[in-house]
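Novice:
There are 2 protein chains.
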Amino acid sequence: MTEPCFLTAAAASRAIADGRLTSEALVRSCLERIETRDAAVKAWLHLDPRAAIAAAREVDKRPRISRLHGLPFGVKDMIDTADMPTTHNSANWQGHRPARDAACVGVVRALGAVILGKTDTVEFAAAGRRAATRHPMNPAHSPGGSSSGSGAAVGDGQVSLAFGTQTGGSLIRPASFNGIYALKPTWGTVSREGAKIYANSLDTIGWYGRSVEDLVLVAEAFRLDGVGHEPAPAPRALRIGLCRTPYWSRIEPGGERAFALAAERLTRAGVAVEDLVLPDAFGGLFEAQDTIMFGEGRAAFLDELLIQGARLGRDFVDRAENAKGITPDRMIAAHDLAAECRRAFSALFERVDAVLAPASPGEAPHGLQNTGDHVFNAMWTLLHGPCLSIPCTLGPGGLPVGIQLVGPRYADARLLSIAAALAPVIDAETAAQS
Amino acid sequence: MTEPCFLTAAAASRAIADGRLTSEALVRSCLERIETRDAAVKAWLHLDPRAAIAAAREVDKRPRISRLHGLPFGVKDMIDTADMPTTHNSANWQGHRPARDAACVGVVRALGAVILGKTDTVEFAAAGRRAATRHPMNPAHSPGGSSSGSGAAVGDGQVSLAFGTQTGGSLIRPASFNGIYALKPTWGTVSREGAKIYANSLDTIGWYGRSVEDLVLVAEAFRLDGVGHEPAPAPRALRIGLCRTPYWSRIEPGGERAFALAAERLTRAGVAVEDLVLPDAFGGLFEAQDTIMFGEGRAAFLDELLIQGARLGRDFVDRAENAKGITPDRMIAAHDLAAECRRAFSALFERVDAVLAPASPGEAPHGLQNTGDHVFNAMWTLLHGPCLSIPCTLGPGGLPVGIQLVGPRYADARLLSIAAALAPVIDAETAAQS
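Chains as they are written, first to last, in full-length UniProt numbering: chain Y, 1 to 434; chain V, 1 to 434.
What follows is the structure, given as structure tokens:
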């Protein structure tokens, strides 16, 4: 039998349901994997093996009330946990211990999940200090950010589910780099309570898994509309819009290869693919996302500025002090453009069932300072709809590159069922394993 | 000299700056007023006089770095405070003590404000259990909600500044009922971190004061765009749109009188007033706000549902379980209508400088169960722009009724300076005192 730590969450869930696996055995397997790999990968900021085993034992005694029963989760360390520190990877927050779990942690814990530990993150999931996490397949490279530890831990077989967040591209980009699956659900459908605010119009809690079914387990927990009730489509019945986005000039060889391969595989599987060129207005979305991210970031870091004073890093001082000089007029224009494009994007789904787009420019970048470019993520975050990353291939440097499927607002369930149909086609390398 | 507790915040701030008043003396005066009045008004859920006096003494020793130096604040008890419980007026949260101040509390504390205590609120600022607070002028009546305690405490001379929140009309409506001033700033300009989420697209932190200048003190602390740099307009140079809103059929005699009186006083002062009829699309905003409030409320209370189980009140179970059956299509339509009307509303400000609208249907309602109707607030909350409540008159029942000025998104500073020019005209009863 596969070491339990390498199972998909869905497979582990079935094994637990059937009595073939206990939560304790699964958690122990994950902890062993982490012990072997942590010196190289450094995905975790907090890990208390004894407490995790104790929590798993408790869950093993309780009745199973959900498919998450007994499954371990990594939690990005800017999401509150009542029984573990929450440091935001900030020097000023070391030892901070919230009094209560963030809403997302509370939900999965109540359903029987075991919080394994806290994963490293770019400071406040925004800027400043980078995670110490290294790419599991090549320690000279970043695993991406800001959900660095969650992406690397899932990619490296240390845990099969982990929470991350996305304001620019912090969830989908690391999924692409680490060869794993991720769902950024529709903005507003999962409570962001207890996760550090950066830009409230954009920040979205999401999760990593090793298969589409893994993503569904968590989507069920959050009761996303229609999850579990969407019929599984046949690939031949699907129409996929190939969207190079207005930012295609920034694609790299790895990303270009993944996009072309995915399109080719879909075509071969009988999926109706067509090039989808977005209306001109969409060309302004990257800048609009940047304006809103920095413009709302002013309020998000003002208390830090006043409380930490000179201890606060320059990136956050700049945000709180509006170093970019963002004006009210630019904020209004950015919000109005986003609203216009959200509506126009919804209308495109009369012609296509999902949009296929790059998940990252290419492979994970060299060094830890550069966590990658969010140019292929920012516009989708601003559009508020679901994004789902699927592994696709390896780039010229031998590291994974994925693609993403994008849907209109609130169509998370539909996107998950389309992804379930198409992942075995797109994810040629790893589909056989899951 | 007036008892310090009855001073406006701006007057107290000047007295502290000039050395005529200490924070300790001001806090002691507030505490005496509370001791006299608390049995009747019940505005506070937590008050620790010794700790408040100690905090004031500490502030008196420190250099003055802002106009908030030494000023006491009430904080609605669904906003986190590190040194006081935060109960959300929920039976399940008694004794809960957050590890950190909410961002808004952190900001004013860092600037020298003294947190006097926590004020009563409708449970989670949403539904369920009502505040025990009574109207200061008539204990048979509600002071409004959900910011019940903050509104009543400021109205009753117990404190001159207090934080509240608005998702429907929870900030402006109690201001109208209690004869005080309030600012609901533009959505997104003040961090909502550490305040309970109800509907993230709507929830807005705001504050009460006893004059427009009081509101400015706090707006300065949050560095709202342009505050302190907007020239004070002359009333004769202003054009005010009189907006009865699409919901005028729900006005009561008190609200009608306040609206008519305000218009009459403005006209007499030489302000150019004109009737402003909103485009037809605005007629859908009340329902759209309701859809978004309940639709986003699903996610907000899911962790409560799973963790509290049978201990959770019916109102919150209904929200988490989507008892209203809100569909994705309705959510999308509501968001898109809001976006369309936000843009259209901004365009109206080529013709007018501010919009005058009812702040509540009329006077505070009888009994504590009904905290008042938010029909004249919900649409403005959804439009995201600033709303500023000004006392105007007494209704037929002898209780206060205010009006509100409304501005376009991000024009908070401009609205504050317009209100400073017009409040002495509109607030005929109390303007002389402040």
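Think of the CB as a built atom: it goes at the ideal place given N, C-alpha and C, for glycine as much as any other residue. Nothing here was measured: the structure is a model prediction, and the numbers come from that model.
Mind checking the segment 69–101 of chain Y against chain V and listing, in chain order, the residues whose C-beta falls within less than 8 Å of any C-beta there?
Specialist: For the segment 69–101 of chain Y, which is checked against every Cβ of chain V, the residues closer than 8 Å are H96, R97, P98, A99, R100, D101.
Novice: What is the residue span of the alpha helix (DSSP H) that V:R37 lies within?
Specialist: Segment 23–41, the alpha helix (DSSP H) holding V:R37.
Novice: So, at 7 Å on beta carbons, what are the nonlocal neighbours of V:G284 in its own chain, with the 5 sequence-adjacent residues on each side left out?
Specialist: Once the five neighbours on either side are set aside, the close Cβ partners of V:G284 are L337.
Novice: List the residues of chain Y that V:I332 touches, going by C-beta distances under 9 Å, in chain order.
Specialist: Those within 9 Å of V:I332 in chain Y are R342, R343, S346, P408, R409, Y410.
Novice: How many whole angstroms separate the CB atoms of V:A152 and V:H135, which I take to be in contact at a CB cut-off of 8 Å?
Specialist: With 8 Å as the limit, V:A152 and V:H135 qualify as a contact, their Cβ atoms being about 7 Å apart.
Novice: Could you tell me whether any Cβ in chain Y is nearer than 8 Å to the Cβ of V:I197?
Specialist: Answer yes: the Cβ-Cβ gap between V:I197 and chain Y drops below 8 Å somewhere.
Novice: Start and end of the alpha helix (DSSP H) containing V:A221?
Specialist: V:A221 -> alpha helix (DSSP H) spans 212–221.
Novice: What are the boundary residues of the beta strand (DSSP E) that Y:K196 is part of?
Specialist: Unbroken run through Y:K196: none, as it is neither H nor E.
Novice: Unbroken beta strand (DSSP E) runs of length 3 or more, entirely within the segment 362–428 of chain Y: which are they?
Specialist: Entirely contained in the segment 362–428 of chain Y, the beta strand (DSSP E) runs reaching 3 residues are, in chain order, 387–394, 400–406.
Novice: Tell me which same chain residues have a C-beta within less than 8 Å of the C-beta of V:T189, skipping the five on either side of it?
Specialist: Here the set comprises F222, L224, D225, Y410, D412.
Novice: Do the CB positions of Y:G112 and Y:R62 come within less than 8 Å of each other?
Specialist: Their beta carbons are under 8 Å apart, which means Y:G112 touches Y:R62 by this criterion.
Novice: Which residues of the segment 102–130 of chain Y have a Cβ closer than 7 Å to any Cβ of chain V? Give them in chain order.
Specialist: Within the segment 102–130 of chain Y, the qualifying residues are A103, G106, V107, A110, L111.
Novice: Check V:H69 in the structure and name its three-state DSSP category.
Specialist: Looking at V:H69 - three-state DSSP - the assignment turns out to be coil, as it is neither helix nor strand.
Novice: With C-beta atoms as the reference, is Y:S170 less than 8 Å away from Y:S360?
Specialist: No; because the gap between Cβ atoms is not below 8 Å, this pair is not in contact.
Novice: Are the beta-carbon atoms belonging to V:L7 and V:A52 less than 8 Å from one another?
Specialist: Their beta carbons are not under 8 Å apart, which means V:L7 does not touch V:A52 by this criterion.
Novice: Can you tell which of V:F286, V:A269, V:K118 has its C-alpha closest to the C-alpha of V:L47?
Specialist: When each option's Cα is compared against that of V:L47, the closest is V:K118.
Novice: Does DSSP put V:H88 in a helix, in a strand, or in coil?
Specialist: The answer is coil: DSSP assigns V:H88 none of H, G, I, E or B.
Novice: Along the chain, where does the beta strand (DSSP E) that runs through Y:K184 open and close?
Specialist: Taken as a continuous stretch (DSSP letters only), the beta strand (DSSP E) holding Y:K184 covers 181–184.
Novice: Below 8 Å between beta carbons is the criterion; list the residues of the segment 197–215 of chain Y that meet it against any residue of chain V, in chain order.
Specialist: Residues passing the 8 Å Cβ filter: I197, N200, S201.
Novice: Span of the alpha helix (DSSP H) holding V:V190?
Specialist: That residue, V:V190, is in no alpha helix (DSSP H); it is neither H nor E in DSSP.
Novice: Do Y:V27 and Y:A56 have their CB atoms nearer than 8 Å?
Specialist: Taking 8 Å as the Cβ cut-off, Y:V27 and Y:A56 qualify as a contacting pair.
Novice: Pick out whichever of Y:A344, Y:T381, Y:D315, Y:L394 has its Cα sitting closest to the Cα of Y:S90.
Specialist: Minimum Cα distance to Y:S90 is reached at Y:D315.
Novice: When the Cα of Y:L68 is compared with those of Y:F124, Y:G106, Y:G128, which residue comes out closest?
Specialist: If we check each option's Cα against that of Y:L68, Y:G106 comes out closest.
Novice: In the structure shown, what three-state DSSP assignment does Y:Q308 receive?
Specialist: Helix.
Novice: Rounded to the nearest angstrom, what separates Y:P400 and Y:V75 at their Cα positions?
Specialist: One C-alpha to the other measures close to 23 Å.
Novice: Have a look at the DSSP bridge pairing and note the partners of V:K76.
Specialist: Bridge partners of V:K76: V:T119.
Novice: Let me know the secondary structure DSSP gives V:G157 once reduced to three states.
Specialist: Here V:G157 sits in coil by DSSP.
Novice: Please decide whether V:D318 counts as near chain Y, where near means a Cβ-Cβ distance under 8 Å.
Specialist: No, its Cβ sits nowhere closer than 8 Å to a Cβ of chain Y.
Novice: Would you call V:V277 buried or exposed, if buried means 16 or more other Cβ atoms sit within 10 Å of its Cβ?
Specialist: That one is exposed.
Novice: Under 9 Å Cβ-Cβ, which residues of chain C neighbour V:A339?
Specialist: Absent from the structure: chain C. Protein chains present are Y and V.
Novice: Shortest alpha-carbon distance to V:R351 belongs to which of V:D275, V:L261, V:H384?
Specialist: Among V:D275, V:L261, V:H384, the Cα nearest to that of V:R351 belongs to V:D275.
Novice: Run through chain Y and tell me which residues come within less than 7 Å of V:T167, C-beta to C-beta.
Specialist: The premise fails here: V:T167 is roughly 14 Å from chain Y at the closest Cβ pair, so nothing lies under 7 Å.
Novice: Below 7 Å on C-beta distance, what does V:D225 contact in chain Y?
Specialist: By Cβ distance, chain Y contributes P328.
Novice: In angstroms with no decimal places, state the Cα-to-Cα distance between Y:T86 and Y:F124.
Specialist: So the two alpha carbons sit approximately 10 Å from each other.
Novice: Considering only the beta carbon of each residue, do Y:P235 and Y:V425 sit closer than 8 Å?
Specialist: Yes, they are a contact pair.
Novice: By how many angstroms is the C-alpha of V:S147 removed from the C-alpha of V:A39?
Specialist: Those two C-alpha atoms are separated by around 19 Å.
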